[in-house]
Amino acid sequence: MNKKLLFPVFILLVLLLCCKPKSTAPSAELIGDIQLKRGHVISCSPSGKQFGSAEFKITCGKEVQEDFNLAINLLHSFEYDEAEKAFAAVIDKQPGCAMAYWGVAMCNFHALWTPPTQAELKKGTKALQVAQTLQTSERETGYIDAIASFYTNWETIDHLTRCRNFEKGMEKVYSSYPEDKEAAIFYALALCAAADPNDKSFSKQKKAGDILNSLSLDQPNHPGIVHYLIHAYDYPELAPEGLAAARRYASVAPSSAHALHMPSHIFTRLGLWDECIESNIASIVSAQCYAQTAGIKGHWDEELHSLDYLVYAYLQKGENDSAKKQWDYLKTITEVSPVNFKVAYAFAAIPSRYLLENRKWKEAASLQPTPIHFSWNNYPWQEAIVHFTRLMGSVHTGNLSSAKEELKELNRIHDTLVGQKDSYKANQVAIQIKTAEAWLALNEGKPSQAQELMQVAADMEDKTEKHPVTPGEVVPARELLGDMLLQMNKAGEALQAYEADLQKHPKRFNAVYGAALAAKKAGDTQKAAMYFQQLVEIAGHSQSTRPEIKVASRFLNGPIAQ
Numbered sequence: 003m004n005k006k007l008l009f010p011v012f013i014l015l016v017l018l019l020c021c022k023p024k025s026t027a028p029s030a031e032l033i034g035d036i037q038l039k040r041g042h043v044i045s046c047s048p049s050g051k052q053f054g055s056a057e058f059k060i061t062c063g064k065e066v067q068e069d070f071n072l073a074i075n076l077l078h079s080f081e082y083d084e085a086e087k088a089f090a091a092v093i094d095k096q097p098g099c100a101m102a103y104w105g106v107a108m109c110n111f112h113a114l115w116t117p118p119t120q121a122e123l124k125k126g127t128k129a130l131q132v133a134q135t136l137q138t139s140e141r142e143t144g145y146i147d148a149i150a151s152f153y154t155n156w157e158t159i160d161h162l163t164r165c166r167n168f169e170k171g172m173e174k175v176y177s178s179y180p181e182d183k184e185a186a187i188f189y190a191l192a193l194c195a196a197a198d199p200n201d202k203s204f205s206k207q208k209k210a211g212d213i214l215n216s217l218s219l220d221q222p223n224h225p226g227i228v229h230y231l232i233h234a235y236d237y238p239e240l241a242p243e244g245l246a247a248a249r250r251y252a253s254v255a256p257s258s259a260h261a262l263h264m265p266s267h268i269f270t271r272l273g274l275w276d277e278c279i280e281s282n283i284a285s286i287v288s289a290q291c292y293a294q295t296a297g298i299k300g301h302w303d304e305e306l307h308s309l310d311y312l313v314y315a316y317l318q319k320g321e322n323d324s325a326k327k328q329w330d331y332l333k334t335i336t337e338v339s340p341v342n343f344k345v346a347y348a349f350a351a352i353p354s355r356y357l358l359e360n361r362k363w364k365e366a367a368s369l370q371p372t373p374i375h376f377s378w379n380n381y382p383w384q385e386a387i388v389h390f391t392r393l394m395g396s397v398h399t400g401n402l403s404s405a406k407e408e409l410k411e412l413n414r415i416h417d418t419l420v421g422q423k424d425s426y427k428a429n430q431v432a433i434q435i436k437t438a439e440a441w442l443a444l445n446e447g448k449p450s451q452a453q454e455l456m457q458v459a460a461d462m463e464d465k466t467e468k469h470p471v472t473p474g475e476v477v478p479a480r481e482l483l484g485d486m487l488l489q490m491n492k493a494g495e496a497l498q499a500y501e502a503d504l505q506k507h508p509k510r511f512n513a514v515y516g517a518a519l520a521a522k523k524a525g526d527t528q529k530a531a532m533y534f535q536q537l538v539e540i541a542g543h544s545q546s547t548r549p550e551i552k553v554a555s556r557f558l559n560g561p562i563a564q
């Protein structure tokens, strides 16, 4: 036979051997190996399952479209366990639905939270391996390939790089299908996930915001649009842009504890403490209901996350009694599920905030966080908060030897985080270390060195952004700079520090009070009156027992103010 004729036949055979045909349904064994979460979707809203009105058209058939839409709505509100149940319901009805396995992979990604565990990464990988064997459309293949780029080589490629791979994958889907609104919304999520927290241009977040805002008028009840707008604008410079979405999200998805909590991210940024309190009380009630209905042993992690934001808001209104009540409640919590970074942060931050904001230095120096058996070694950044609190307490009670021991612990934790290549958290601890060195220097009679170190700490913090897990730094470094300058009788410089802090943290109780005192000492009675008046207005009708309110009232009612 002619060799020229044989060659194309050979090529055809190679192609046939290489191109394994897609299947219509996986085996029961493959599905079972994923270990899907199953059960009825839990809703703690008295009016039933209200998670929003997203619609994501798929090729799997009308009989599963409603279940798939429910899963998508849950996914957009980060109700990952319940979303996986809904995707599993699709799989049970239509095992060959590739996009249901895509959904399972998305549930184990949780884009804007802490990186997935190894177990979650393995589960997501298994789900995608099934998805990639199934017949589907080119559009749906684009979605599957996008999330697959996050899971590919997860053992060797760092989390942020894989988030950026997901961003690139979703950009392709977004560009290829400009009429696909879900592609646009998930691309916006991918942009937020891939954003560098140290990038002060906020280019990715702004792009995400522009995409979402272009869709919001046509889809006012889409949970992903309002949710991701809040995340995109969860920065001091951008927060006003997110207020409309924040005030809408809870009504869009009232059955989601996370949706009830998320508005408080923007409320906190803008100093809207009453709205923040209302938001988190509602979220806590919903989270408690969820834990009971789901049969969770102990408390659900979402409750503790909301509790931290609630305590922060109470403290900014000067409502010490309410804040202390929540801390006392936290002490009764011994079991939480799942145990994760949010839980660790709440256990460390809530008592630290209460003690440091109220300058209860003796109690701060001896702080023992609860529960005692908690695995702090797994959460070094959160553990550092406790050591920092003890250090500040020790410094202010004159126990410099204990303070130096706590500083050693902070340095140890910093080295651990550097070894883990967690640059963001390592930098947060580095700010605490500089702050600690500053206050030690001040107490050792080195005021110039102390001021210089505290200035460095404040500048370092200004170059970073807070992690979404926290409503704010336990105590902002620039506020502490103001405290130090005021203590050094540098009232004018202290006022500048407090005012700079208030630009980033509006209506913080201690910063407003500090600015008022500094202005008064600097002889600017008009500005002092303005800040004292603001402090009284922040407290409102809360019946605050903070002595600072009495100082403000005396000044405002005295002859100097008039």
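Residue numbering for the sequence shown follows my numbering, starting at 3 and increasing by one per position.
Quick reminder that beta carbons are idealized off the backbone N, C-alpha and C, glycines included.
The structure presented is a predicted model; accordingly, all values stated were derived computationally and were not measured.
Open item on the list: Measuring straight from C-alpha to C-alpha, what distance separates E539 and I551?
Closed with: Looking at the backbone, the Cα of E539 and that of I551 are separated by about 10 Å.
Open item on the list: Measuring only the C-alpha atoms, how far is L17 from A210?
Closed with: The pLDDT assigned to L17 is 41, lower than 50, so where the model puts this residue is not dependable; a value taken from the coordinates is nonetheless given after this. Distance between the alpha carbons of L17 and A210 is about 41 Å.
TODO: Could you name the residues that DSSP lists as bridge partners for S339?
DONE: Looking at the DSSP assignment, S339 forms a beta bridge with W302.
TODO: Would you mind working out which of Y356, A499 and P478 sits nearest L488, comparing C-alpha positions?
DONE: Closest option to L488, Cα to Cα, is A499.
- [ ] Would you kindly work out how many angstroms separate the C-alpha atoms of I187 and H229, rounded to a whole number?
- [x] Cα to Cα, I187 sits roughly 10 Å from H229.
TODO: Name the two residues that bound the continuous alpha helix (DSSP H) containing P117.
DONE: In the DSSP annotation of this structure, P117 is not part of any alpha helix (DSSP H), being labelled neither H nor E.
Open item on the list: Along the chain, where does the alpha helix (DSSP H) containing H267 start, and where does it finish?
Closed with: It spans P265 to L272 - the alpha helix (DSSP H) in which H267 sits, taken as one unbroken run.
Open item on the list: So, with DSSP's three-state summary, where would you put L369?
Closed with: In this structure, L369 counts as coil in the three-state DSSP scheme.
Open item on the list: Is the separation between the beta-carbon of S308 and that of H263 shorter than 9 Å?
Closed with: Yes, the Cβ-Cβ distance between S308 and H263 is below 9 Å.
TODO: Reducing DSSP to helix, strand and coil, say where L482 ends up.
DONE: Three-state DSSP puts L482 in a helix.
Task: C-alpha gap between K465 and I387, whole angstroms - done: Distance from the CA of K465 to the CA of I387, rounded to the nearest whole angstrom, comes to 20 Å.
Task: Contact set for L537: own chain, Cβ-Cβ below 6 Å, skip 5 residues either direction - done: Same-chain partners within the cutoff: V514, Y515 and A554.
Open item on the list: Quick check on the burial criterion: 16 or more other C-beta atoms within 10 angstroms. Buried or exposed for L19?
Closed with: Confidence in L19 is poor, its pLDDT being 41 and thus under 50, which makes the residue's placement unreliable; the coordinate value appears in the next sentence. Around the C-beta of L19, fewer than 16 other C-beta atoms lie within 10 Å, and the residue is accordingly described as exposed.
Open item on the list: What residue range does the alpha helix (DSSP H) around N559 cover?
Closed with: Where N559 is concerned, the enclosing alpha helix (DSSP H) starts and stops at P549 to N559.
- [ ] Could you tell me the distance, in whole angstroms, from the CA atom of L272 to the CA atom of G244?
- [x] If I take the Cα positions, the gap works out to 10 Å.
Open item on the list: Taking contact to mean 3 or more Cβ pairs, one atom from each stretch, closer than 8 Å, check whether the stretch 174 to 187 and the stretch 205 to 220 are in contact.
Closed with: Contact between the stretch 174 to 187 and the stretch 205 to 220 is present, because at least three Cβ pairs lie under 8 Å.
Task: Option in L332, G447, L274 and Q384 with minimal Cα separation from A428 - done: The residue with the shortest Cα to Cα distance from A428 is Q384.
Open item on the list: Could you compute how far the alpha carbon of R249 sits from the alpha carbon of P265?
Closed with: Answer to the nearest angstrom: the Cα atoms are 7 Å apart.
Task: Closest Cα partner of E439 within the set G300, N200, S396 and A85 - done: The candidate whose alpha carbon is nearest that of E439 is S396.
- [ ] Within its chain, find whatever has a CB closer than 7 Å to the CB of A88; leave out the 5 residues flanking it on each side and keep chain order.
- [x] The answer, listed in chain order, is V43, D69, L72, A73 and L76.
Task: Whole-Å CB distance - A129 paired with F168, under 8 Å assumed - done: Actually they do not touch by this definition, with Cβ atoms about 15 Å apart.
Task: Boundaries (first-last residue) of the alpha helix (DSSP H) holding Q451 - done: In this chain, the alpha helix (DSSP H) harbouring Q451 covers P449 to D464.
Task: Cα-Cα separation, G484 to E495 - done: The alpha-carbon atoms of G484 and E495 are separated by roughly 8 Å.
Task: At least three beta-carbon pairs within less than 8 Å, the stretch 148 to 158 to the stretch 98 to 108 - done: Yes: at least three Cβ pairs fall under 8 Å.
Open item on the list: If you follow the alpha helix (DSSP H) that I159 is in, where does it begin and where does it stop?
Closed with: Unbroken run through I159: none, as it is neither H nor E.
Task: Unbroken alpha helix (DSSP H) run spanning D330, endpoints - done: Going by DSSP, D330 is part of the alpha helix (DSSP H) stretching over N322 to K333.
TODO: Would you kindly check if the distance between the Cβ of E365 and the Cβ of L402 is under 9 Å?
DONE: At a Cβ-Cβ threshold of 9 Å, L402 and E365 do not count as neighbours.
Open item on the list: Please classify P566 as buried or exposed, where buried requires at least 16 other C-beta atoms within 10 Å of its C-beta.
Closed with: Because residue 566 is not part of the residues shown, which for the chain are 3 to 564, the question remains open.
- [ ] Would you kindly work out how many angstroms separate the C-alpha atoms of D526 and M490, rounded to a whole number?
- [x] For D526 and M490, the distance between alpha carbons rounds to 18 Å.
Task: Sequence-distant residues of the same chain with beta carbon closer than 7 Å to K535, five excluded per side - done: Contrary to the premise, residue 535 reads as Gln rather than Lys in this sequence. Excluding positions up to five away in sequence, the list reads L558.
TODO: Please classify F12: does DSSP put it in a helix, a strand, or coil?
DONE: At F12 the pLDDT is 46, less than 50, meaning the model places this residue with poor confidence; the figure from the coordinates comes in the next sentence. Here F12 sits in helix by DSSP.
Task: Cβ separation of K39 and A121, assumed to be a contact under 8 Å, to the nearest whole Å - done: Not quite, the Cβ-Cβ distance comes to about 13 Å (not below 8 Å), so this is no contact.
Open item on the list: Using 8 Å as the cut-off, can you tell me whether the stretch 313 to 330 makes contact with the stretch 339 to 353, which would need three or more C-beta pairs spanning the two stretches below that distance?
Closed with: Counting Cβ pairs under 8 Å, three or more are found: they touch.
Open item on the list: Which residue wins for smallest C-alpha separation from Y381, given the options G320, D424 and K125?
Closed with: Closest by alpha carbon: D424.
TODO: Using the Cα positions of K22 and H469, report the straight-line distance between them to the nearest angstrom.
DONE: Because K22 sits at a pLDDT of 47, beneath the cut-off of 50, its placement in the model cannot be relied upon, and the following sentence gives the value as read from the coordinates. Annotation: K22 to H469 spans about 45 Å, alpha carbon to alpha carbon.
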